[in-house]
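Protein chains in written order, with the numbering used here: chain A, 189 to 652; chain B, 11 to 239. The C-beta atom is built at its ideal place from N, Cα and C for all residues, glycine as well. This report refers to the structure that appears directly beneath it.
Below is the structure:
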């Protein structure tokens, strides 16, 4: 007779090993960053932190009145918070199932252990963890703050009960269509809203009863129509995405099929209109959606830079910001352009690079909107006779730099190591002229020269 | 015709390929054979330009040099990788269209070719599926159709029969023979030696990144027997 270890033992074995692996990884990072000197400083710092805890007692005493005020209102608004809390889980269900069923649990289910039992074990573990976390927070608040124990216990109980009650609805809602999620969300939001305006206590009790009924209803089909692959992917990401490790190793954890949302749109499943433009446009969309983190960081930082500089009283700083934005945006786009052809399928396909360049530009304009908003607003707030020329100058200079840098990348992709020295130098001159426009606005008439330069190098000017 | 002369490739000063020289004539099928890690897939990737070479020359029809213009060179090669390189965001049909446009195949010709290949690989009801919803064999078929769509002078195939059902294997063999009759130079890697003998005209045996032996397929058994002894 084959004896197999109880599920609990195997489950615990996996948990222990996962924990050990994480500790090992953090240890490696720690050893990488912390030498003996830093360790001594850290030791001193922790000493200060411990002393700080005692000082915190005084600090909390200083703010006793405010804390008592919060305590009083926490009692008053208890039912309102109870009404609003489930909505948080409805929102969460759009992107997370709430139960971490990772590839380890998935593998475990391939052994002779029922998937359902493993799932319940994960859920019990989750509840236990929450009980401990809320317990510790509650204990801290009761010991070190003037909050009344009753209020703390009330809230602890509320959070724990809601977490338990919402586990199954969140799990099931995660697997329903977006429309169903919205319908459920709106229904509960309406009850919450009415409840807040009328009788929060009654509304909260009604909501809890409703959620309880949902639990009963969903329990019958708990494991029907479940996208296990998606759950595993998200859970793996949740467990193994460790920013500190990513930073140290330089390798970012990426989910394989991150942008599934696009694939569920029926229109995107249809065959292409058989044109290069349509196909390339989609390829860029796929590429940029994969690079969305970097794209958002780039656009956000440049837009942020211009917004901040727009409020600085020295005009030249704003113009310097514009120069930096034009230069960085065109450079990073050129890097993206090259990268696109060095991975995946495109690496082995023949490239119609001029067409790719044109279709890429359409996405470049879309991406530039958040950067253009502060720029154009600034220009309009400082409007003068020269403003249209200045805008034209910035626009054509960007186009010139875009074409120059992309052509450079095309040459590199074609194993031709030309540097485009003249065009790069000219690009730098245009950037310098943009900067000088703050003082000598007539320089903006230089856009005619930019246009001429583009024609000279036979580049098509795209008047988007 | 594919001409490979003194090709060397390396990663971090570790040689992957050393002094590889051979050519595949018009309409000939050459089989790259060798143990795992001998450098077969690396050689194909170097010919396509996915892996850079550190020395040597790769030419097509004695005119198109990989070093002169990789972009033009790529137009002349169709490559079937061992692992399908499909984009998870595109359906099978969209992949075919992408290949069609990349190799500048006119729409009506694409439709004609697709009809035959899709039917041959029994993929009619999978055209609007995403790769992740397809089985491994089906994904392999999608990649095979993509690669067989264009009429390039050179066709590179890495482990073509792996993961395919017997019907698909026969159909693929038929297409390879047909392409070779039309004058395409074909270089393929495989571990299925019985199939090699059925479709190849010559063989190139690799060992640790070097050519160990080369010759007509009729000599293959003799050479193989000698090497196993």
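Could you tell me which uninterrupted alpha helix (DSSP H) segments, each at least 4 residues in length, are contained entirely in the region 540–569 of chain A, listed from first to last along the chain? 541–569
Would you mind listing the alpha helix (DSSP H) stretches within the region 234–273 of chain A that are 4+ residues and don't spill past its ends, in chain order? 252–264
Is the Cβ of residue 74 of chain B closer than 8 Å to any Cβ of chain A? no
Continuous alpha helix (DSSP H) assignments of at least 4 residues falling wholly in the region 26–107 of chain B: 50–58 and 80–85
Who are the neighbours of residue 467 of chain A on chain E, taking C-beta pairs under 7 Å? Among the protein chains in the structure shown, which are A and B, there is no chain E.
If we define contact as Cβ-Cβ less than 8 Å, is residue 5 of chain B a contact residue for chain A? For residue 5 of chain B there is no data in the structure shown, the boundaries of chain B being 11 and 239.
Per DSSP, what kind of secondary structure is residue 186 of chain B in: helix, strand or coil? helix
Could you tell me whether the Cβ atoms of residue 528 of chain A and residue 534 of chain A are closer together than 8 Å? yes
Can you round the beta-carbon distance between residue 30 of chain B and residue 54 of chain B to whole angstroms, since I take them to be within the 8 Å contact cut? Actually they do not touch by this definition, with Cβ atoms about 11 Å apart.
Distance cutoff 8 Å, beta carbons only. Does residue 539 of chain A sit that close to anything in chain B? yes
Own chain residues within Cβ distance below 6 Å of residue 193 of chain B, not counting five before or after: 36 and 37
If you draw a straight line from the C-alpha of residue 202 of chain A to the C-alpha of residue 292 of chain A, how long is it? 7 Å
Cα separation between residue 650 of chain A and residue 398 of chain A? Confidence in residue 650 of chain A is poor, its pLDDT being 41 and thus under 50, which makes the residue's placement unreliable; the coordinate value appears in the next sentence. Looking at the two C-alpha atoms, the distance is approximately 58 Å.
Just the Cα atoms here: how many angstroms apart are residue 172 of chain B and residue 166 of chain B? 15 Å
Within its chain, find whatever has a CB closer than 8 Å to the CB of residue 465 of chain A; leave out the 5 residues flanking it on each side and keep chain order. 543, 546 and 547
Which bits of chain A does residue 175 of chain B rub up against, with CB to CB less than 9 Å? Going along chain A, no residue has its Cβ under 9 Å from residue 175 of chain B, so there is no contact; the nearest lies around 24 Å.
Name the chain A residues that come within less than 7 Å of residue 85 of chain B, Cβ to Cβ? 538
Skipping 5 residues on each side, what residues in its chain have a beta carbon closer than 8 Å to that of residue 559 of chain A? 487, 490, 491, 494, 513 and 517
With respect to the alpha helix (DSSP H) encompassing residue 523 of chain A, which residues constitute its N-terminal and C-terminal limits? 503–528
At least one CB of chain A closer than 8 Å to the CB of residue 97 of chain B: is that the case? yes
Between the region 507–533 of chain A and chain B, which residues of the former have CB atoms less than 8 Å from a CB of the latter, in chain order? 532 and 533
Indicate the three-state DSSP secondary structure (helix, strand or coil) for residue 224 of chain B in the structure shown. strand
Whose CA, out of A:627, A:604, A:467 and A:393, lies closest to the CA of residue 505 of chain A? A:627
Sorted by chain position, which residues of the same chain lie with C-beta nearer than 6 Å to residue 624 of chain A's C-beta, five sequence neighbours on each side aside? 631
Leaving out five residues before and five after residue 82 of chain B in sequence, what residues of the same chain have Cβ atoms less than 7 Å from its Cβ? 74
For residue 648 of chain A, is the classification buried or exposed, using 16 other Cβ atoms within 10 angstroms of its Cβ as the cut-off for buried? Because residue 648 of chain A sits at a pLDDT of 47, beneath the cut-off of 50, its placement in the model cannot be relied upon, and the following sentence gives the value as read from the coordinates. Exposed, because fewer than 16 other Cβ atoms sit within 10 Å of the Cβ of residue 648 of chain A.
Which residues of chain A have a Cβ atom closer than 8 Å to the Cβ of residue 133 of chain B, listed in chain order? The contacting residues do not exist; residue 133 of chain B stays about 14 Å from chain A at best.
Report the three-state DSSP secondary structure of residue 133 of chain B (helix, strand or coil). coil
Burial state of residue 635 of chain A (16 or more Cβ within 10 Å): buried
Do we get a CB-CB distance below 8 Å when we pair residue 60 of chain B with the residues of chain A? yes
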